[in-house]
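Student:
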Amino acid sequence: MLELDTQTAQTESQATDYSSVRPALKTLSSLVCGQEFVASQDFRPVQHAITGETIYQVSSFGLDTRAVVDYAKQHGAAIASWTFHQRANALKQVAQYLLERKEDFYELAKATGCTRKDAWIDVEGGIGTLFAYSSLVRRELSDETAWVEDSWIPLSKHGSFGAKHVLSPKAGVAVHINAFNFPIWGMLEKIAPTLLAGVPCIVKPATEGAELTHAVVKAIHASGYLPEGALQLICGQTYDLFEQLNPQDTVTFTGSAATGQKLRAHPHLNQYSIPFSMEADSVNSAILTEQASDTAIDLFVREVFREMTSKAGQKCTAIRRAFVPRELLATVQERLIAKLQKVVVGNPELDQVTMGALASLKQKQDVAAKVEQLSQEAQIVFGSHLRQDFSIQADQPELGAFYPPTVLVCEQPEQASSLHQIEAFGPVVTLMAYDHLAQLAGLVARGEGSLVASVVRDCEQNIEQLIAKIAPWHGRVHVLDEESAKESTGHGSPLPHLVHGGPGRAGGGEELGGLRAVKHYMQRTAIQGSPNAMTQIGHSWTAGAQVFEDRVHPFKKSFDELRVGERLLTARRTVTEADLVNFACLSGDYFYAHMDKIAAAESLFEERVAHGYFVVSAAAGLFVDAAPGPVIANYGMDNLRFVEPVKIGDTIQVELTCKQKTPKQQRDPSQKPHGVVVWDIKVKNQRNELVATYDILTLVERGEA
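Position one of the sequence shown corresponds to residue 1 (full-length UniProt numbering), numbered consecutively onward.
Encoded structure:
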């Protein structure tokens, strides 16, 4: 999927004669150090996937990689001083800017051989990932430069010493080496969490498709929404880039397992323990469970068909092994071939074409070679270059990187070897027969680790044991049945909120997964100290830290007037039997522990106790200021715990403390600016025992009250 671009191995460019490269040919520049760098030699030409015409050339010969890394750390590192919300807002603006120019990217995508539908995954799927990550961070993280990961961890008897784990942006750069199949999405899904972590990026795209990556990076630079140097692009080889990195840097790789292993073993990366994350091709599986109904069979065939034809099978998540009950093998084969016979392969510019070409002639040759290897252990029953039973809808089909949908069948997969190891990275699948579900875990594991597996079943089929056995070998397991089919996102769709990666052969790395991906580019540090030190470091009040009190009720103060640590100690309230009865009548909660004196006496409480939600409601009655003021609304409640029961005759009192403040972006100009204030609530009884603790979130207007 990606050529090995290091000085330690011979590259394709070193093995190619470039004397035929035309001087007037378009040359992709590298976008580095605030300018465009254009090489003068060692070019590698790139052909149009449909016409075979050479459309551009790529080289980074002579590039000063030390200067590129230094520029990222001296200029791009400015993003580390931005808060999470500032980074997220910038990412949203970048996404909107790219979306407005999407047709430019669709036009360039034609040269990669894909249909408009295929390009949507790359173009709008990639841009959508930026939107998703921006929204996630603004919703889930505080508006700070660092991430306080957990609550106060007490480490002393009296609470004067403790710790918190804090995530800080690494003081380095992330180098992202990407694959050819998704030149836009593959870059954007990596730079989104990197930039949100506050770390600059250097992107090295695969040569095929680099024109698309180049166009997107150039547009991002033109938008002006990111700091100079936060995103740089190297088109060509990496040369000695790895030698310029230090332990604060990170390298990610997407591509073939063989190339990834060579890069991972780079001496400089190992010497300095530089993190290396790898997402590699894998021999992904789909499983049709035993005694499947017609509905389940159709769902299975539909999923296999879609993964074969989408992007002409050039997806790292595509299904390569399809396991089918032996008695259903002929049925599945017949239905799959019937659908594939309707596929029209050719130039996507033609209306009748439903599947385009592979990314390059080299890729076509590679797929053909892999199919020949697979055919040593399986029978080709449809398609392939060996059968020559297909036609191509194009002016000069022999010049394009076209390859037909190809189906192989293996009756004895337990006796096969290469079928579980070799991936033909194109529209190729092998149907494999199995006799009982107990076989499957072992057969699936023969792939030695994959990105995803699908299990297609009838709703009543219990697959708990099967999932438990195959899950350790996969980054994602997709269960498909009639209940989920209409809304399922499909086998091959990595989603921003779910992890993308897998163990073993799949690289052992992890991308996406929501906020998990942001953490990959941050350093987790256990910070120890006093509550006041923790409050100062994390900008969030810690129990035991200094508090502030005055005559003005905190709810009468605006967002900007409030101080973290500002506290209100309320009046007291004694709980009566009438309170329990009235709350039960109002809420409809007549649980015996509250209302049945005899049953309550036999319970662990030994007598009637107040409803937990009565305690919460009564607490609100104690700390809320009823008059109109800056507080707009109750925004939510977190971390509620009932610690001790409140009994009839107990007296409760509330400590309300301003714990954290987060300004909100003003979306509607007609609304007043506001922010979210998190309040620490502690409800205690007359013995100063904690009976309930929780956080409440309020929307509070900004400005002077």
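Virtual Cβ for every residue (Gly too), placed ideally from N, Cα, C.
Just so it is clear, the structure is predicted and the values come from calculations on it, not from any experiment.
When DSSP labels each residue in this structure, what does Glu644 get in the three-state scheme?
Tutor: Within the sequence shown, residue 644 is the residue found at index 644, counting from 1. Residue state, collapsed to three classes: coil.
Student: Which residue marks the beginning of the alpha helix (DSSP H) containing Val69, and which one marks its end?
Tutor: The residue labelled residue 69 in the question sits at position 69 within the sequence shown. Here the alpha helix (DSSP H) through Val69 covers 65-74.
Student: Per DSSP, which one or two residues make a beta bridge with Tyr592?
Tutor: For the purposes of this step, residue 592 is taken as residue 592 along the sequence shown, with counting starting at 1. Note: Tyr592 sits in no beta bridge, so no partner.
Student: Quick one: what does DSSP say Glu334 is sitting in, helix, strand or coil?
Tutor: Counting from one through the sequence shown, the residue named residue 334 turns up at place 334. Reduced to three states, the DSSP call for Glu334 is helix.
Student: Could you say if the region 658-670 and the region 537-544 meet the contact criterion of at least three C-beta pairs nearer than 8 Å?
Tutor: Contact holds: three or more Cβ-Cβ distances are below 8 Å.
Student: Is the Cβ-Cβ distance between Thr430 and Arg321 less than 9 Å?
Tutor: Here residue 430 refers to the residue found at position 430 when the sequence shown is read from its first residue. Here residue 321 refers to the residue found at position 321 when the sequence shown is read from its first residue. For Thr430 and Arg321, yes; Cβs fall inside 9 Å.
Student: How about Val166 and Val148: do their beta carbons lie closer than 9 Å?
Tutor: Counted from its first residue, the sequence shown places residue 166 at position 166. Counted from its first residue, the sequence shown places residue 148 at position 148. Yes, the Cβ-Cβ distance between Val166 and Val148 is below 9 Å.
Student: Are there 16 or more other CB atoms within 10 angstroms of the CB of Gln14, so buried, or fewer, so exposed?
Tutor: Here residue 14 refers to the residue found at position 14 of the sequence shown. In this prediction, Gln14 has a pLDDT of 36, which is less than 50 and means its spatial position is unreliable; nothing more can be read from the coordinates.
Student: State the DSSP-derived secondary structure class of Pro413, mapped to helix, strand or coil.
Tutor: To locate residue 413, count along the sequence shown from 1; it is residue 413. Helix, per DSSP.
Student: Can you tell me which of the three DSSP states Gln465 falls into?
Tutor: As a position in the sequence shown, residue 465 is number 465, starting the count at 1. If DSSP states are grouped into helix, strand and coil, Gln465 belongs with the helices.
Student: Going by DSSP, what residue range makes up the alpha helix (DSSP H) through Asp104?
Tutor: To locate residue 104, count along the sequence shown from 1; it is residue 104. Taken as a continuous stretch (DSSP letters only), the alpha helix (DSSP H) holding Asp104 covers 102-109.
Student: Taking the alpha-carbon of Phe591 as reference, which of Val575, Val609, Glu577, Thr574 has the nearest alpha-carbon?
Tutor: Against the sequence shown, residue 591 aligns to sequence position 591. Answer by Cα proximity: Val609.
Student: Out of Lys370, Lys170, Leu697, which has the shortest C-alpha to C-alpha gap to Phe559?
Tutor: Position 559 of the sequence shown, counting from 1, holds the residue named residue 559. With distances taken between Cα atoms, Phe559 lies closest to Leu697.
Student: If you reduce the DSSP assignment to three classes, tell me which class Ile537 lands in.
Tutor: Numbered from its first residue, the sequence shown carries residue 537 at position 537. Helix, per DSSP.
Student: In whole angstroms, what separates the C-alpha of His594 from that of Val631?
Tutor: One-based indexing of the sequence shown puts residue 594 at position 594. One-based indexing of the sequence shown puts residue 631 at position 631. For His594 and Val631, the distance between alpha carbons rounds to 33 Å.
Student: Helix, strand or coil, according to DSSP, for His674 in the structure here?
Tutor: Start at 1 with the first residue of the sequence shown, and residue 674 comes out as number 674. It is a strand residue.
Student: I'd like to confirm the pairing. Which residues does DSSP put opposite Arg321 in its beta bridges?
Tutor: By one-based count along the sequence shown, residue 321 stands at place 321. Answer is Ser285, Thr430, bridged to Arg321.
Student: Is it buried or exposed, Thr574, if we count other Cβ atoms within 10 angstroms and call 16 or more buried?
Tutor: As a position in the sequence shown, residue 574 is number 574, starting the count at 1. Burial call: exposed.
Student: Taking C-beta to C-beta, are Thr27 and Val58 nearer than 9 Å?
Tutor: In the sequence shown, counting from the first residue as 1, residue 27 sits at position 27. In the sequence shown, counting from the first residue as 1, residue 58 sits at position 58. Yes, the Cβ-Cβ distance between Thr27 and Val58 is below 9 Å.
Student: Does the distance from the CB of Pro496 to the CB of Thr129 come in under 9 Å?
Tutor: Along the sequence shown, read from residue 1 onward, the residue named residue 496 stands at position 496. Along the sequence shown, read from residue 1 onward, the residue named residue 129 stands at position 129. Yes, they are a contact pair.
Student: Can you tell me the Cα-Cα spacing of residue 711 and Ala584, whole angstroms?
Tutor: Residue 711 is absent from the structure shown; the chain starts at 1 and stops at 705.
Student: Check for me: the beta strand (DSSP E) holding Thr250 runs from which residue to which?
Tutor: The count along the sequence shown starts at 1 and reaches residue 250 at position 250. Segment 250-255, the beta strand (DSSP E) holding Thr250.
Student: Beta-carbon within less than 7 Å of Pro554's beta-carbon, same chain only, minus the 5 sequence neighbours each way: which residues are those?
Tutor: Taking the sequence shown and counting its residues from 1, one reaches residue 554 at position 554. If we look at Pro554 and ignore the five residues flanking it on each side, its Cβ neighbours are Leu562, Glu566, Leu568, Leu656, Cys658.
Student: Go to Pro663, then tell me how far its beta strand (DSSP E) extends in each direction, as first and last residue.
Tutor: Position 663 of the sequence shown, counted from the start, is the residue given in the question as residue 663. First-last of the beta strand (DSSP E) with Pro663: 651-663.
Student: If Ser313 and Thr254 are in contact, beta carbons under 8 Å, what's the gap, nearest whole angstrom?
Tutor: As a position in the sequence shown, residue 313 is number 313, starting the count at 1. As a position in the sequence shown, residue 254 is number 254, starting the count at 1. With the sequence shown as reference, residue 313 is identified as Gly, and Ser is not the correct amino acid for it. No, Gly313 and Thr254 are not in contact; Cβ-Cβ is about 17 Å, not under 8 Å.
Student: Tell me, please, which residues DSSP counts as bridged to Val573.
Tutor: Looking up residue 573 in the sequence shown gives position 573. Sequence check: residue 573 is Arg here, not Val. Arg573 pairs with Ile652.
Student: Anyone know if the C-beta pair for Ser530 and Ala506 falls short of 9 Å?
Tutor: Along the sequence shown, one-based indexing puts residue 530 at 530. Along the sequence shown, one-based indexing puts residue 506 at 506. Cβ atoms of Ser530 and Ala506: not closer than 9 Å.
Student: Considering just the uninterrupted stretch of the beta strand (DSSP E) at Lys164, what are its terminal residues?
Tutor: Here the question's residue 164 lines up with position 164 in the sequence shown. It spans 162-169 - the beta strand (DSSP E) in which Lys164 sits, taken as one unbroken run.
Student: Let's see if you can read the secondary structure: which residues bound the alpha helix (DSSP H) around Lys218?
Tutor: As a working note, residue 218 is residue 218 in the sequence shown. 210-223 is the span of the alpha helix (DSSP H), which, as asked, contains Lys218.
Student: Do you know whose CA, among Thr65, Cys114, Arg457, lies nearest Glu303's CA?
Tutor: For the purposes of this step, residue 303 is taken as the residue at position 303 of the sequence shown. Comparing Cα positions, the closest option is Arg457.
Student: So for Tyr56, helix, strand or coil by DSSP?
Tutor: In the sequence shown, counting from the first residue as 1, residue 56 sits at position 56. Three-state DSSP puts Tyr56 in a strand.
Student: Identify, in the order they occur along the chain, each residue of the same chain with its Cβ nearer than 6 Å to the Cβ of Ser142, setting aside the five sequence neighbours on each side.
Tutor: The count along the sequence shown starts at 1 and reaches residue 142 at position 142. So the qualifying residues of the chain are Thr662.
Student: Between the Cα of Val683 and those of Val676, Val691, Val677, spot the shortest distance and give me the residue it belongs to.
Tutor: For this step, residue 683 is matched to residue 683 along the sequence shown. It is Val691 whose Cα lies nearest to the Cα of Val683.
Student: Whole-angstrom Cβ separation of Tyr491 and Glu377, contact assumed at under 8 Å?
Tutor: Your numbering for residue 491 matches position 491 in the sequence shown. Your numbering for residue 377 matches position 377 in the sequence shown. The amino acid at residue 491 is misidentified as Tyr; the sequence shows His. Between Glu377 and His491 the Cβ distance is about 24 Å, and since that is not below 8 Å, they are no contact.
Student: Cα-Cα, which of Ser617, Ala39, Tyr403 is closest to Leu386?
Tutor: Along the sequence shown, read from residue 1 onward, the residue named residue 386 stands at position 386. Out of Ser617, Ala39, Tyr403, Tyr403 has the C-alpha closest to the C-alpha of Leu386.
Student: Answer with buried or exposed for His478, where buried requires no fewer than 16 other C-beta atoms within 10 angstroms of its C-beta.
Tutor: Numbered from its first residue, the sequence shown carries residue 478 at position 478. Buried.
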